[in-house]
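Have a look at the structure below before the remarks.
In full-length UniProt numbering, the protein residues as written are 1 to 106.
If you want it as structure tokens, here you go:
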């Protein structure tokens, strides 16, 4: 009888091996990029943040619908302005404004 080979340890799942996290959500990243005052397109935001342009468009729609961002047309482009007076959404942070977050992180 031939000796048994030891089983190789299972390879880690790719998601586990490369899993990363950040303190801010993509919504927070979009908000902070817009707060810098530069006129950025959804495509430019997607490159800066590292997400798809479609994801940026969805996030912008969320932020606009909830009053955190105002959208206006400037020529053929959209221009976005952050409403710094908007309250943070989570109950833990609801005593603070978006402006306070921006000030703390910039």
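We treat Cβ as the ideally placed atom computed from N, Cα and C, and that holds for glycine.
- Contact between residue 82 and residue 98 holds, since their C-beta atoms are separated by about 7 Å, short of 8 Å.
- For the beta strand (DSSP E) assignment, the uninterrupted runs of no fewer than 3 residues enclosed by the stretch 48-75 are, from N- to C-terminal side, 69-74.
- In the DSSP assignment, the residues bridged to residue 77 are 74.
- Secondary structure note for residue 27: its alpha helix (DSSP H) is the uninterrupted segment 26-35.
- Taking the C-beta atoms as reference points, residue 38 is found no nearer than 8 Å to residue 53.
- With respect to the C-alpha of residue 103, the residue from 26, 85, 49, 90 having the closest C-alpha is 85.
- By the beta-carbon neighbour count (other beta carbons within 10 angstroms, threshold 16), residue 69 is buried.
- Rounded to whole angstroms, the gap between the alpha carbons of residue 87 and residue 64 is 14 Å.
- In the structure shown, residue 87 adopts extended strand secondary structure according to DSSP, grouped into three states.
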